[in-house]
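A short write-up of the structure that comes next.
Protein chains: 2
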Amino acid sequence: MAPLADLYHLTMAYALWRTGRHRDPAAAELFFRREPFGAAFAVGAGLGQALRSLGALRFSAADIAYLRSVLPSTTEDAFFDYLSTVDASEVTVTSVPEGSVVFSRVPLLQVKGPLLVVQLLETTLLCLVSYASLVATNAARFRLLAGPEMKLMELGLRRAQGPDGGLSASKYSYIGGFDYTSNVLAGKLYGIPVRGTVAHSFIMSFRSMEEVQPRVLSPLAGGEPMDLPSLAESWLQRVCELLGIPSDKPNRGELAAFVSYAIAFPQDFQGLLDTYCVMRSGLPNFCAVALALHQLGYRAIGVRLDSGDLSQQSKETRRVLRACSAHFQVPWFGSIPIAVSNDISERSLEDFIREESEIDMVGVGTNLVTCPLQPSLGCVYKLVEVNGSPCLKFTEEEEKMTIPGTKAIYRLYDDSGHPFMDLMALENEPSPSVGQEFVVHILGRRGEATKVRPSAVEPLHRMYLRDGQACEELPSLQEVRSHAQASLNLLSPVHRQLHDPEPYLVAVTEKLHLLLAELQHASQ
Amino acid sequence: MAPLADLYHLTMAYALWRTGRHRDPAAAELFFRREPFGAAFAVGAGLGQALRSLGALRFSAADIAYLRSVLPSTTEDAFFDYLSTVDASEVTVTSVPEGSVVFSRVPLLQVKGPLLVVQLLETTLLCLVSYASLVATNAARFRLLAGPEMKLMELGLRRAQGPDGGLSASKYSYIGGFDYTSNVLAGKLYGIPVRGTVAHSFIMSFRSMEEVQPRVLSPLAGGEPMDLPSLAESWLQRVCELLGIPSDKPNRGELAAFVSYAIAFPQDFQGLLDTYCVMRSGLPNFCAVALALHQLGYRAIGVRLDSGDLSQQSKETRRVLRACSAHFQVPWFGSIPIAVSNDISERSLEDFIREESEIDMVGVGTNLVTCPLQPSLGCVYKLVEVNGSPCLKFTEEEEKMTIPGTKAIYRLYDDSGHPFMDLMALENEPSPSVGQEFVVHILGRRGEATKVRPSAVEPLHRMYLRDGQACEELPSLQEVRSHAQASLNLLSPVHRQLHDPEPYLVAVTEKLHLLLAELQHASQ
Chain A
551 MAPLADLYHL TMAYALWRTG RHRDPAAAEL FFRREPFGAA FAVGAGLGQA LRSLGALRFS
611 AADIAYLRSV LPSTTEDAFF DYLSTVDASE VTVTSVPEGS VVFSRVPLLQ VKGPLLVVQL
671 LETTLLCLVS YASLVATNAA RFRLLAGPEM KLMELGLRRA QGPDGGLSAS KYSYIGGFDY
731 TSNVLAGKLY GIPVRGTVAH SFIMSFRSME EVQPRVLSPL AGGEPMDLPS LAESWLQRVC
791 ELLGIPSDKP NRGELAAFVS YAIAFPQDFQ GLLDTYCVMR SGLPNFCAVA LALHQLGYRA
851 IGVRLDSGDL SQQSKETRRV LRACSAHFQV PWFGSIPIAV SNDISERSLE DFIREESEID
911 MVGVGTNLVT CPLQPSLGCV YKLVEVNGSP CLKFTEEEEK MTIPGTKAIY RLYDDSGHPF
971 MDLMALENEP SPSVGQEFVV HILGRRGEAT KVRPSAVEPL HRMYLRDGQA CEELPSLQEV
1031 RSHAQASLNL LSPVHRQLHD PEPYLVAVTE KLHLLLAELQ HASQ
Chain B
551 MAPLADLYHL TMAYALWRTG RHRDPAAAEL FFRREPFGAA FAVGAGLGQA LRSLGALRFS
611 AADIAYLRSV LPSTTEDAFF DYLSTVDASE VTVTSVPEGS VVFSRVPLLQ VKGPLLVVQL
671 LETTLLCLVS YASLVATNAA RFRLLAGPEM KLMELGLRRA QGPDGGLSAS KYSYIGGFDY
731 TSNVLAGKLY GIPVRGTVAH SFIMSFRSME EVQPRVLSPL AGGEPMDLPS LAESWLQRVC
791 ELLGIPSDKP NRGELAAFVS YAIAFPQDFQ GLLDTYCVMR SGLPNFCAVA LALHQLGYRA
851 IGVRLDSGDL SQQSKETRRV LRACSAHFQV PWFGSIPIAV SNDISERSLE DFIREESEID
911 MVGVGTNLVT CPLQPSLGCV YKLVEVNGSP CLKFTEEEEK MTIPGTKAIY RLYDDSGHPF
971 MDLMALENEP SPSVGQEFVV HILGRRGEAT KVRPSAVEPL HRMYLRDGQA CEELPSLQEV
1031 RSHAQASLNL LSPVHRQLHD PEPYLVAVTE KLHLLLAELQ HASQ
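Protein chains in written order, with this note's numbering: chain A, 551 to 1074; chain B, 551 to 1074.
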């Protein structure tokens, strides 16, 4: 793969090469400046894909031919020869494990290597980590709102930035806590469980019961095939009577679609209820077909509502399913899962909970994959050291100041086992000791000093790549997903809450604080 | 390529096949329900890519093996055999030409073919058209605000939904009216002009003038190489004197970086001015190096500002460039292009214009590619006809009602040459005649009837694919970009304005109106 780069990385690469600085040892960090969506946390993701992309870093002959055509004509030939030898074989990467809860200004990734390569990786790493972390965080928020029981399904392919945007959305939503995707390719490539249901267009393509073909279905236990349309019609009479609906009211095209679907998928029958009227057509038709199937030994697996007041309809639907359950003495009928979709947002989930809806599964598309509350995480990638000297980009805005130098990063835990602070130290400082008090300086508070005494100390980064060699096997998608949930569960409720959370503290050691002050002074 | 599909398209495909309806002739339309960003128009894009994807529609053996593993175990083997024969060889597509100005509820694409295939294409087409049209529209808005002269550069790769999201953003921003991209891969793949500049990290990697290596540069016209660091230092004295700045104030690491960059790119020297202080470091350092280059016969090509009050700084920068121009008698110096970046939005562009900034080029990233004002266009794809019968999805919301049946679509023009209405007619109706008055019913106004007399009538759709065969060569990216600008230019100013525009009228013919009323009545 050609590097994902902005042109200036190539012009800079040439300038570095031309001035003989291209092999200077350098270090850079990738981080974000503010937690997204007004929360106190984010979920770090995309790290596995970023690491894999490093292994593929190489300029092909075609890449180089193209670069020759766009770099200034004064660019020397020998540079292109050099470029054809560039790869990640001298790159060392440490990172938080993918799926970890992460905080602003704390590096997700640290990259060391020759200056030319380190700066060349900027866009690749930002492109692969930034959206991945944003959508994983967004998915985690939906999961936190939904609670552990409600099933969450990602439906965003059609709203993503093209096919691969859709794949990223499926993958990182799953990491953030979704259960399923509708995206077949994501299922095939990543093994994410896929789910699907019936669509309005299928239902609309039927007009009458005459169109049902084939018409017969054998009972599950074997035996004489039955005419399912007739059976469904007769159940529809009984259902309509129970519900007090004129039996000519339910749309017969819809009934024909349900019956046809049931014949195709007798063990997986589900109904989409709102093509016409839910209460006077979709629901009675569904009940009729599901009861006919029941008579043959099959169980329907669910219904879906896709418009209108979903909470309210879920309650009405549950009431009808329970009424059928009681009246026709079909015990499982009352607990048929109810799924909903249609522009579901965090607000919708909050409403569902507050209104005590009967919803068991939620499909989320647009508001998951496009992250409309904040469509970019705004990760940055900053050089922190060159030739052993720490770098600082001076700025008036404290928030935008980089923390210079290569670092060790620790997560400090309190007595209850919750993390309460991420601490950046100089790489050569001794690790903070458990149970010992020491001074730190909190970021974002003009360097305010405070004392901490952690009950546990966790080195946050692991070494994944040392001089281009993989040091640790990358976890599976399923493992990353579990790690994300575990990491979220460790968070204190005051940091985990989605609205007005208590900010999580990020601090630097006394020594790093002094270095920062010194460099700030020097650059003013 | 395996089809980009949601699982329900495959379950439906099976249900259709099982009921013998999979080859029923069907038609579907792709449209959006409301113009994005509060405007009265959108730019239709992604159509070329969508058409190309149809040519590649095929299920590989691996796709089929995967589908077997996820479809219910009752799915018959013969279905998978059938699926392996499915392609777009019986599909017919008409579409607006890519880059056209388009309006809500008017189909961008119409697809005809066997029902199974037509419904299978839903997600592929939505995925390829929806974001493409959204970002092209967003880019067109930036272009309208910037006016024809200002250069616009897309910088969004790091903020996109992964690598291909970034490529889509580059491509469709270019169609919408951007001039350049920073994305090297987009340049290589699509031939979009790429531009780059120097970065903060390059500047920060220098500490002192001793680090400049090599130090000499030959004059453009040939002759004795000169020591550029010394030359720049001596120009810096003169510039500081002119500007009244102590000559030890400008950062020497920054100066070293500029000199190094100038030696690498003597004919393409540009300065990024805000790594330290623009007025007391970046700008004097830039002027010094640019004047030193000028002495050797080279012209600097630009400066960039990336933080702070960009309008204000552009004016101060222009004043200094002009002062140097006058004082050192270098005529071209006063008009060195000034580029800006840093979270540029529509609002920023409006401010630049209002404040009469001196900005010549704008780089836009996040606010272009993520479309934060509305991150999804919300395109839909609806079945409009099956077996020759028009379909209607009934709904209480008039806006969500589909317009049934296969249609011809016309754009009607007024005396001034502006389009004033898009008109949908039944496919077999005669085309509206120029200069003749006839009755139409306006959508969104409860079918209000009105009379129109167009001065010109344009059939809006072209046939691109007939029974799987390409009918028309797809235009180049450059041609699509030109068509988009031409299409935008034709719009009346009242529809083109970005805030509070007059809504553009979309109407149906008398006959289509009657059909709609009839189907509505029947489904109630």
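Virtual Cβ for every residue (Gly too), placed ideally from N, Cα, C.
From a predicted model like this one, the values you see are computed outputs, not experimental measurements.
With a CB to CB cut of under 6 Å and the five nearest residues on each side skipped, what residues in its chain are close to residue 924 (chain A)? Cβ contact annotation for residue 924 (chain A) (same chain, cutoff 6 Å, sequence separation greater than five): 586 and 587, in chain order.
Could you compute how far the alpha carbon of residue 649 (chain B) sits from the alpha carbon of residue 905 (chain A)? Our two residues, residue 649 (chain B) and residue 905 (chain A), have alpha carbons roughly 46 Å apart in a direct line.
Identified DSSP bridge partners for residue 1016 (chain B): When beta bridges are read from the DSSP output, residue 1016 (chain B) appears opposite B:1019.
In DSSP terms, what residue 820 (chain A) is bridged to: Residue pairing for residue 820 (chain A): DSSP places it in a beta bridge opposite A:852.
Cβ shell of residue 634 (chain A) (< 7 Å), same chain only, five flanking positions each side left out: Closer than 7 Å at Cβ, skipping near neighbours: 609 and 614.
Other residues of its chain near residue 554 (chain A): CB distance less than 6 Å, five sequence neighbours each side excluded: 673, 674 and 677, listed in sequence order.
So which residues on chain A does residue 911 (chain B) lean against when the C-beta distance must stay under 7 Å? Neighbourhood of residue 911 (chain B) in chain A, by CB distance below 7 Å: empty, with the nearest CB roughly 14 Å away.
Under 8 Å between C-beta atoms, does residue 642 (chain A) make it to chain B? Answer no: the Cβ-Cβ gap between residue 642 (chain A) and chain B never drops below 8 Å.
I'd like to know whether the C-beta of residue 561 (chain B) is nearer than 8 Å to at least one C-beta of chain A. With its beta carbon less than 8 Å from one in chain A, residue 561 (chain B) belongs to the interface.
Could you give the DSSP three-state label for residue 597 (chain B): helix, strand or coil? Residue state, collapsed to three classes: helix.
Which residues of chain B have a Cβ atom closer than 8 Å to the Cβ of residue 681 (chain A), listed in chain order? Those are 709, 710, 711, 712 and 715, listed as they occur along chain B.
Please name the residue in A:953, A:979 and A:984 whose C-alpha comes closest to that of residue 967 (chain A). Considering only alpha carbons, the answer is A:984.
Using a Cβ-Cβ cutoff of less than 6 Å, which residues in the same chain neighbour residue 594 (chain B) once the five nearest sequence positions on both sides are dropped? For residue 594 (chain B), where only same-chain residues beyond five positions count, the Cβ hits under 6 Å are 646, 650, 652, 658 and 683.
Three-state secondary structure (DSSP) at residue 809 (chain B)? Helix, per DSSP.
Interface residues of chain B around residue 813 (chain A) at Cβ under 9 Å? The answer, in chain order, is 565, 568 and 569.
Alpha carbons only, please: which of B:739, B:870, B:819 and B:920 is nearest the one belonging to residue 834 (chain B)? Of the candidates B:739, B:870, B:819 and B:920, the residue whose Cα lies closest to the Cα of residue 834 (chain B) is B:870.
Host beta strand (DSSP E) of residue 973 (chain B) (start-end): Here the beta strand (DSSP E) through residue 973 (chain B) covers 969-976.
Which residues of chain A have a Cβ atom closer than 8 Å to the Cβ of residue 816 (chain B), listed in chain order? Contacts between residue 816 (chain B) and chain A, judged by CB atoms closer than 8 Å, involve 624 in chain order.
Distance, Cα to Cα, residue 875 (chain B) vs residue 1047 (chain B)? Taking the straight line from one Cα to the other gives about 39 Å.
Quick check on DSSP: helix, strand or coil for residue 1027 (chain A)? Note: residue 1027 (chain A) maps to helix in three-state DSSP.
According to the Cβ coordinates, are residue 961 (chain B) and residue 642 (chain B) closer than 8 Å? Not closer than 8 Å, so no.
At the 8 Å Cβ level, is residue 737 (chain A) part of the contact set with chain B, yes or no? Closer than 8 Å: yes.
Just confirm the distance between the C-beta atoms of residue 1097 (chain B) and residue 928 (chain B), as a whole number of angstroms; I'd bet it's less than 8 Å. Given a span of 551 to 1074 for chain B in the structure shown, any question on residue 1097 (chain B) remains unanswerable.
Whose CA, out of B:777, B:850 and B:1072, lies closest to the CA of residue 820 (chain B)? Of B:777, B:850 and B:1072, the smallest CA-CA separation from residue 820 (chain B) is found for B:850.
Given residue 1007 (chain A), which residues of its chain have a CB within under 7 Å of its CB, disregarding the five upstream and five downstream residues? Cβ within range, chain order: 960, 962, 981, 982 and 984.
Do residue 805 (chain A) and residue 853 (chain A) have their CB atoms nearer than 8 Å? For residue 805 (chain A) and residue 853 (chain A), no; Cβs fall outside 8 Å.
With a 10 Å radius around its C-beta and 16 neighbouring C-beta atoms as the bar for buried, classify residue 572 (chain A) as buried or exposed. Under this definition residue 572 (chain A) is a buried residue.
Check the DSSP bridge columns for residue 579 (chain B) and list the partner residues they point to. DSSP lists B:660 and B:932 as partners of residue 579 (chain B).
Of all Cβ atoms in chain A, is any one closer than 8 Å to the Cβ of residue 660 (chain B)? In terms of beta-carbon proximity, residue 660 (chain B) stays away from the interface with chain A, with every pair separated by 8 Å or more.
Which residues in chain B have a C-beta closer than 7 Å to the C-beta of residue 620 (chain A)? List them in chain order. Near residue 620 (chain A) (Cβ distances below 7 Å), the residues of chain B are 737 and 744.
Residue 795 (chain A) beta carbon near the ligand PLP (any heavy atom closer than 7 Å): For the structure depicted, the ligand PLP is absent and the ligand set is empty, with no information on it obtainable.
Alpha carbon to alpha carbon, how far is residue 891 (chain B) from residue 709 (chain B)? Give it in angstroms, no decimals. Spanning the alpha carbons of residue 709 (chain B) and residue 891 (chain B) requires a straight line of approximately 14 Å.
Below 7 Å between beta carbons is the criterion; list the residues of the region 1057-1071 of chain A that meet it against any residue of chain B, in chain order. Identification of residues in the region 1057-1071 of chain A having a C-beta nearer than 7 Å to some C-beta of chain B yields an empty set.
By DSSP, does residue 759 (chain B) sit in helix, in strand, or in coil? Looking at residue 759 (chain B) - three-state DSSP - the assignment turns out to be helix.
Among B:561, B:556, B:912 and B:801, whose alpha-carbon lies nearest the alpha-carbon of residue 699 (chain B)? Out of B:561, B:556, B:912 and B:801, B:912 has the C-alpha closest to the C-alpha of residue 699 (chain B).
Find the residues of chain A that neighbour residue 800 (chain B), judging by a C-beta separation of less than 7 Å, and give them in chain order. None at all; the shortest Cβ gap to chain A is about 12 Å.
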